[in-house]
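Structure first, then comments.
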Amino acid sequence: MELRHLQHFVAVAEDQHFTRAAERLLVSQSGLSASIRALERELRAPLFVRTTRRVTLTEAGRALLEEARRILAQVRSAHEAVAAVQGVLRGTLSLGAEQCIAGVPVAGLLAGFRRRHPDVEIRLRQAGSGQLAEEVAAGRLDLAFAYRTQADTEQLRSVSLAGEPMTVLCHPGHRLAADGAVLTPHDLADEVFVDFHPDWGPRRVTDAVFAAAGVRRTVPLEVNDVHGLLDLIDENLGIAVVPRHFRHKRAALTSLPLKDADGTEYETIALLPPAQATSPAARALMGLLETGSAGPGSAGTGRA
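If you're matching positions, the sequence shown starts at 53 in this note's numbering and goes up one per residue.
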């Protein structure tokens, strides 16, 4: 099995189209098709269902895809490790992060990294914590900054970075703002909630807090960005339970302490592959974060 066959297979699987994959790989479509056929012959199984519009993975193709991605990531890490030993950090840093992650100045961190390692291409994507964990474990991301969604596994490890309590945000004209009291989930049982998609860290924490208290809540206003959430609260359309640092993003809103059932807090972590599979670029980025030397606006690890 040749590495180029796996590279070609992953490209077709991602694009779901032979022509687009060939253009991206800068190879002929006939050469790409021949490469896939060779891989199918070696594995003795069809990898794609081909139609005139697109191609989809067979069961065998789905089984191969994650392994192929992991193998290619390990090969890339091997090349980068050799370059690092020679004193040059190059290649690609693929980073994932939730929006407005607590305790991690992502922009400042990446700026500091680029100043130190200009030969490394930086790629950044935002997603929910559950999806980020899957992508690090599958080798599609070098590391991610997220909320803890699962225990460590053979493919995924976590490093705790910061923690903070959850707080209630509401409009200053809301009845809760007038009371100004410490709140419990039971006090909020009948409120209209604004919250994030269920895969987001803050949503997972809030759901866990209410579940632990035995309080059922519904979320009629669901968003996928921080400013959208703050705008809805600013119009007094609902309240939200969010990590404490969110209160600084919209000073006009009222922040009230939440006394939860079991001390659940929002914990920021770095998600990484096993130590032996962690790329030199990911190790360098973590080194900057841990020393707090990323540059202006940066901050080291610690608990909020």
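Quick reminder that beta carbons are idealized off the backbone N, C-alpha and C, glycines included.
Coil, strand or helix - residue i by DSSP
i: residue 99; result: coil
i: residue 264; result: helix
i: residue 112; result: helix
i: residue 183; result: helix
i: residue 303; result: coil
i: residue 275; result: strand
i: residue 355; result: Low local confidence applies: a pLDDT of 33 at residue 355 is under 50, so the model's placement there is unreliable, with the coordinate-based value given in what follows. Note: residue 355 maps to coil in three-state DSSP.
i: residue 243; result: coil
i: residue 287; result: coil
i: residue 215; result: strand
i: residue 339; result: helix
i: residue 332; result: helix
i: residue 64; result: helix
i: residue 237; result: helix
i: residue 221; result: strand
Endpoints, beta strand (DSSP E) assigned at residue i
i: residue 53; result: From DSSP, residue 53 is part of no beta strand (DSSP E); its letter is neither H nor E.
i: residue 158; result: It is not in any beta strand (DSSP E) - residue 158 instead sits in the alpha helix (DSSP H) that spans 158-168.
i: residue 144; result: 143-149
i: residue 322; result: 318-324
i: residue 198; result: 195-199
i: residue 173; result: 172-178
Nearest candidate by alpha-carbon position, reference residue i, set the options
i: residue 220; options: 338, 234 and 166; result: 234
i: residue 298; options: 289, 282 and 286; result: 282
i: residue 172; options: 338, 119, 332 and 344; result: 332
i: residue 86; options: 76, 75, 101 and 70; result: 70
i: residue 148; options: 226, 134 and 191; result: 191
i: residue 155; options: 248, 217, 64 and 247; result: 217
i: residue 106; options: 189, 73 and 89; result: 73
i: residue 275; options: 260, 255 and 259; result: 255
i: residue 54; options: 64, 124, 101 and 246; result: 124
i: residue 186; options: 325, 334, 336 and 338; result: 325
Cβ-heavy atom distance, residue i to the ligand ADP, below 7 Å
i: residue 177; result: No copy of the ligand ADP appears in this structure; indeed no ligand is present at all.
Whole-number beta carbon distance between residue j and residue i, since they are thought to touch under 8 Å
i: residue 323; j: residue 196; result: 4 Å
i: residue 213; j: residue 330; result: Their Cβ separation, rounded to whole angstroms, is 16 Å, which puts residue 213 and residue 330 out of contact at 8 Å.
i: residue 316; j: residue 241; result: No, residue 316 and residue 241 are not in contact; Cβ-Cβ is about 17 Å, not under 8 Å.
i: residue 228; j: residue 291; result: 7 Å
Delimiting residues of the alpha helix (DSSP H) encompassing residue i
i: residue 72; result: 70-77
i: residue 229; result: 227-231
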